[in-house]
Every structure is written in structure tokens, then in C-alpha cells.
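Every number in the working numbering is 8 more than the matching position in the sequence shown, counting from 1.
Ideal placement from N, C-alpha and C gives every residue a C-beta, glycine not left out.
Predicted model only: the values in this text are computed from it and were never measured.
One structure below.
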Amino acid sequence: MLYIVDTFVDPNSISVMKIYRVFAFFCLSFYANVFAQNLIVNHSFEQFTSNAWHSVLSVDFWNSGPSQEGNVTVKDGSICVGLRFKSPIADDWQEYIAQIIAGKFVAGKTYKISFYYKLADRCVFSTDDLGVGFVHNWVGNPTILSGFIDQIDASIKNPENTILTNYNQYRQFSQYYTATGTETYLVIGCFKKDANLTYEPISNPTASPMPDIYFFIDEVEVFACPNMPESLLENSYISCNQLPIELSTSVSADSYLWSNGSVGSSTQILPDEELVWLEATFGACKMRDTISIQRFSGPSDLGSDILLCGTNGLPVELKVSALPNETVTWSTGQVGSSLLVDAPGNYSVIKSLGTCTWTDEIQVLDLFEEIVLYPNPSSDEIHFKNENAISILNVASEDGKKLNLSPINVQELNQLIKELKPAIYFLDVELNSCFKSLKMCLINQ
């Protein structure tokens with residue numbers, strides 16, 4: 009209950025507060041009733057003598073119990089109606105129940121239209137053609153309603169190819185309709201003639217089958233929906249990690265239901281949930297919105313630098329793992345989860361999804377080109393590129409004489425050079441299992 013309290017002090021303030029409380033309660037109740045008012049009179053057919061409902065052809069009113077159509081069960085109260093959609097003894101025998109809409113539909117406004125239906129338990133054939141249509145701009149003598157039926161298409165209907173087989177229990181037909189403002193009669197039935205009617209045999213173990221297609225209808229309701237938002241959730245949510253996330257809606261509603269069973273305006277989504285829906289209730293009406301959860305796959309591993317010996321190992325394929333909705337861009341400008349490299353160099357990659365990014369880089373090295381001798385005429389020592397990883401396997405004179413007994417490092421080579429005479433020498437050098445022969449020229453300063 010809403011309370012409105014005065015701030016001034018007055019002997020009659022308690023009475024004033026009571027008046028305000030009653031008034032506030034009345035306002036809320038009036039608001040609720042406006043949107044909870046069923047626009048259908050005699051919605052469950054209990055007032056048998058009521059002239060609210062009008063029939064096209066011989067519509068039957070039933071109490072619970074045995075009948076020529078099978079055992080009758082009623083969803084609400086003690087009476088339901090029966091509509092025949094197909095008859096074996098008369099062509100195009102489709103029966104309808106109709107009523108003038110109480111009040112007037114407002115153009116552009118959404119209405120929830122629902123009723124319960126059940127196939128007669130003697131039926132061994134059924135159809136998917138169950139729906140609701142409208143007569144527009146006419147409130148004349150209801151006895152000539154049949155003249156309008158051929159002009160009506162179902163405005164809302166059961167999904168095509170969904171044959172209705174519920175002969176042992178009622179199900180609810182419930183859909184939303186946006187009014188044009190010209191609707192006067194609401195009509196329930198099958199809006200297809202025999203030639204266009206979709207029907208099929210169904211599995212029904214009845215001991216007394218009948219070839220008719222016959223439905224019981226009960227509890228018809230039409231409610232005006234309050235103004236509802238266009239959406240409850242964003243179209244998608246991107247998470248940069250694999251942790252649970254919290255989703256929420258800023259829309260105020262009477263109640264909420266999430267696909268994981270939560271009933272508040274927010275819920276926690278587990279890492280394995282990819283599609284989440286939220287259903288919100290507004291008065292007698294509901295709307296459902298779905299959000300796609302996209303999760304960034306996170307870091308990949310380009311691996312260690314790739315070491316080649318010469319160009320025989322090219323081209324090399326660089327790859328990262330990525331989801332189909334992620335973008336992978338290489339430093340070469342190529343887009344895709346793999347890159348074919350045909351030359352040594354430094355390569356980097358960026359993987360992204362929305363604002364989530366991951367980057368890595370890798371070197372493709374030709375070790376043959378990394379074995380480089382740096383001569384220095386002003387020094388009695390020589391140096392190599394990557395010399396800490398260099399191994400000199402052989403040092404030989406020009407006549408082929410080997411000058412070392414076992415592999416030596418660069419520091420040991422410089423010690424050996426101090427003992428050598430000016431001449432041309434040949435070095436067999438190894439870098440990470442890549443071999444190269446170099447010529448070394450010693451001269452007098």
C-alpha cells in the first residue's frame with residue numbers, strides 16, 4: 009500500500025492520513041483493474057442464457073460428462089463450448105464462436121488474447137488450424153455473422169505444421185495482438201475451408217473413433233497490456249574472461265523470471281551459459297527478451313621463436329586459437345587465425361572481441377644468417393653475432409691442417425689467434441645445430 013503523509017501538525021492529521029491512504033489505494037486498485045479487466049463477457053460460458061456469445065453454425069455448449077463427441081471435461085466452472093472444424097457428412101463445416109469486444113480496441117495498443125482448448129477424445133484426426141480473427145467496423149445483427157467468415161483471416165493462430173494432439177488435457181492458446189482500432193467482433197475457430205485445411209491422423213487409442221475434428225474451448229480472455237518497453241536486455245554481452253557474470257535489467261516490472269530460474273531483476277550467469285532469456289510480467293501480459301553471452305577465449309600461444317637453417321624450412325605457418333566471432337589481425341595486415349610466413353622476421357598478432365584484446369609476437373630466425381663474423385682491424389680479437397651461443401667446431405689452415413682438437417668457444421678462438429701467423433684460416437661454426445663455414449684473414453698491423 010502506498011502511504012502519503014502530511015508534514016504539518018494538526019489534530020485531524022490522523023484522519024487526513026487515512027483519507028490519503030484510502031485514496032492512494034483506490035488509485036492503485038483502479039490502475040490494476042484497468043489493465044486486469046477481461047474484455048470478454050461470460051468468458052467461461054457459465055451464463056448459458058447470456059447473449060454475449062454468438063455462434064456460427066451449430067456450436068455446442070457442454071457440461072462435464074459423456075457426450076456423442078466423447079467424454080467432456082471443463083477447464084473452468086461447469087460449461088465449455090465445442091467447435092467442429094471438419095465433418096465427414098458436410099463439406100466446409102467449420103464452426104465459430106464470436107463476441108462483440110467490450111469497450112474498444114485502441115489502435116497501436118497490444119492485447120493478450122488467450123483461451124484453453126482440448127481435442128475431443130474420440131478424434132483420430134487433428135489439425136494445426138486454430139486461431140482468432142476479427143470482424144472490423146461492424147456491429148450489426150449477429151445472426152448474419154456467417155456472411156463475414158469467408159472474409160476473415162486468422163490474425164493470430166497456432167504455428168503451422170504443429171498438429172494439435174492434446175485429447176487428454178487442456179492447453180492454453182496465448183498470443184499478443186497489436187490492434188488497428190477497427191476491431192468489433194472477436195471470432196475463434198478454424199479459418200480454412202476443407203480444401204485448404206491441414207489435417208493428419210493422430211495416435212489416439214480410443215475405442216470409439218470418429219472422423220470429425222472437434223475441439224472444446226473454455227476460459228476466453230482478452231486483456232489490454234500496459235505500455236511495455238521495446239526490450240529488457242541488450243542484444244549481447246561480451247565477457248573478457250571465463251568467470252561468472254551478473255546480468256540485470258533496468259526495466260521495472262511486476263515480476264521477473266530468468267532462464268536459469270532466478271526471479272529477481274538480476275541474476276548470475278555461469279561460464280557455460282551462452283543464451284539467456286528474461287521474462288517480465290506487466291499486469292496480465294508478459295514479454296521475453298534474449299541476450300547472447302559472448303566470452304573472449306583469452307590468451308593463445310604462438311609458441312617459441314622459430315629457428316631455421318637456411319630457407320629450406322620456409323614457408324612457416326603461424327597459428328592462434330580463436331573463436332569464430334573473434335577477430336585475429338597480424339602485423340602484416342592479414343586477418344585470420346593463421347599466417348603463412350615466407351621470410352624471416354618479427355611477427356605480431358592481435359586477437360580481439362569487442363573491447364577484449366590479447367597480443368603476442370614471435371621471431372622467425374634464419375640461423376644461417378645469424379652466424380656472422382665481425383672482424384676488427386684495430387683489434388687482435390674477433391667477435392660474432394650471437395657469440396655466446398656460437399661453437400667453433402674446426403679451425404683449419406689454408407692447407408687443410410686442423411688446428412684445434414675439439415670444439416671451442418669464441419673466447420678460446422681469440423686465445424688461439426694470438427698463436428697464429430698472419431694467413432687465411434677456415435672456421436666451421438655451429439649455432440643451434442645450424443652450420444656455416446667462414447673464412448678468417450689474419451694480417452700484421
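Return the first residue and the last residue of the alpha helix (DSSP H) that residue i is part of.
| i | result |
| --- | --- |
| residue 59 | Residue 59 -> no alpha helix (DSSP H), and no H or E assigned at all. |
| residue 376 | 375 to 378 |
| residue 181 | Here residue 181 belongs to no alpha helix (DSSP H); instead the beta strand (DSSP E) covers 179 to 186. |
Please report how far the alpha carbon of residue i lies from the alpha carbon of residue j, in whole angstroms.
| i | j | result |
| --- | --- | --- |
| residue 327 | residue 378 | 25 Å |
| residue 426 | residue 336 | 55 Å |
| residue 67 | residue 263 | 39 Å |
| residue 446 | residue 309 | 37 Å |
| residue 41 | residue 296 | With a pLDDT of 45 at residue 41, under the threshold of 50, the predicted position of this residue should be treated as unreliable, though the coordinate-derived value follows. The straight-line gap from Cα to Cα measures roughly 23 Å. |
| residue 448 | residue 351 | 29 Å |
| residue 438 | residue 400 | 6 Å |
| residue 462 | residue 259 | Residue 462 is absent from the structure shown; the chain starts at 9 and stops at 453. |
| residue 241 | residue 202 | 44 Å |
| residue 254 | residue 124 | 37 Å |
| residue 106 | residue 215 | 33 Å |
| residue 32 | residue 154 | Residue placement at residue 32 is flagged as unreliable, the pLDDT there being 33, under the threshold of 50; a coordinate-derived value is accordingly withheld. |
| residue 238 | residue 245 | 18 Å |
| residue 317 | residue 372 | 11 Å |
| residue 136 | residue 103 | 15 Å |
| residue 282 | residue 303 | 8 Å |
| residue 359 | residue 365 | 6 Å |
| residue 403 | residue 424 | 9 Å |
| residue 206 | residue 170 | 10 Å |
| residue 444 | residue 374 | 12 Å |
| residue 440 | residue 370 | 18 Å |
| residue 36 | residue 234 | Confidence at residue 36 is low in this model, with a pLDDT of 36, below 50, so the placement of that residue should be treated as unreliable; the coordinate-derived value is given next. One C-alpha to the other measures close to 14 Å. |
| residue 15 | residue 275 | Residue confidence is low: residue 15 scores 29 on pLDDT, short of 50, so the model does not pin down where it sits. No coordinate-derived value is stated. |
| residue 376 | residue 442 | 6 Å |
| residue 168 | residue 279 | 36 Å |
| residue 356 | residue 333 | 20 Å |
| residue 148 | residue 108 | 10 Å |
| residue 451 | residue 314 | 38 Å |
| residue 407 | residue 368 | 50 Å |
| residue 180 | residue 196 | 14 Å |
| residue 38 | residue 51 | Reliability fails at residue 38, whose pLDDT of 40 lies under 50, so the model's placement of it is uncertain and the value that follows must be treated cautiously. Each residue's Cα considered, the two are about 21 Å apart. |
| residue 292 | residue 122 | 11 Å |
Just grab the DSSP bridge partners of residue i for me.
| i | result |
| --- | --- |
| residue 353 | 372 |
| residue 338 | 357 |
| residue 226 | 124 |
| residue 144 | 191 |
| residue 94 | 221 |
| residue 232 | 119 |
| residue 209 | 133 |
| residue 392 | 381 |
| residue 398 | 439 |
| residue 253 | 277 |
| residue 165 | 139 |
| residue 197 | 139 |
| residue 89 | 69 and 225 |
| residue 343 | 337 |
| residue 101 | Note: residue 101 sits in no beta bridge, so no partner. |
| residue 75 | 78 |
Starting from residue i, trace the beta strand (DSSP E) in both directions and tell me its first and last residue.
| i | result |
| --- | --- |
| residue 156 | It is not in any beta strand (DSSP E) - residue 156 instead sits in the alpha helix (DSSP H) that spans 154 to 157. |
| residue 70 | 68 to 71 |
| residue 80 | 78 to 80 |
| residue 290 | 283 to 290 |
| residue 276 | 274 to 277 |
| residue 298 | 293 to 303 |
| residue 105 | 104 to 108 |
| residue 267 | Taken as a continuous stretch (DSSP letters only), residue 267 belongs to no beta strand (DSSP E), as it is neither H nor E. |
| residue 325 | 324 to 327 |
| residue 175 | Per DSSP, residue 175 belongs to no beta strand (DSSP E) and is neither H nor E. |
| residue 246 | 244 to 247 |
| residue 316 | 314 to 316 |
Give a yes or no on whether the minimum CB-CB distance between residue i and chain B is below 8 Å.
| i | result |
| --- | --- |
| residue 252 | Here there is only one protein chain, and chain B is not present. |
Next item on the list: Could you tell me which uninterrupted alpha helix (DSSP H) segments, each at least 4 residues in length, are contained entirely in the segment 404 to 448, listed from first to last along the chain?
Entry: For the alpha helix (DSSP H) assignment, the uninterrupted runs of no fewer than 4 residues enclosed by the segment 404 to 448 are, from N- to C-terminal side, 418 to 425.
Note to self: Does the contact criterion of 3 or more C-beta pairs under 8 Å hold for the segment 222 to 231 versus the segment 81 to 90?
What the structure shows: Three or more beta-carbon pairs drawn from the segment 222 to 231 and the segment 81 to 90 are found closer than 8 Å, and the two stretches are therefore classed as touching.
Notebook entry, point to check: Do the segment 73 to 83 and the segment 182 to 199 touch if we need at least three Cβ pairs shorter than 8 Å?
Noted result: Contact fails: fewer than three Cβ-Cβ distances are below 8 Å.
Next item on the list: Assess, as a yes-or-no matter, whether the segment 274 to 287 is touched by the segment 107 to 115 under the definition of 3 or more beta carbon pairs within less than 8 Å.
Entry: Cβ pair count under 8 Å is below three, so no.
Check: Okay, do the segment 188 to 196 and the segment 126 to 134 touch, 3+ Cβ pairs below 8 Å being the bar?
Finding: Counting Cβ pairs under 8 Å, fewer than three are found: no touch.
Check: Are the segment 265 to 277 and the segment 313 to 331 in contact at 8 Å, needing three or more beta carbon pairs?
Finding: Contact fails: fewer than three Cβ-Cβ distances are below 8 Å.
Item checked: Segment contact flag, the segment 370 to 388 with the segment 410 to 421, C-beta cutoff 8 Å, min 3 pairs -> Taking 8 Å as the limit for Cβ pairs, the verdict is that the segment 410 to 421 does not touch the segment 370 to 388.
Margin query: With three or more beta-carbon pairs closer than 8 Å as the criterion, would you say the segment 44 to 61 touches the segment 90 to 97?
Written below: No, the segment 44 to 61 does not touch the segment 90 to 97.
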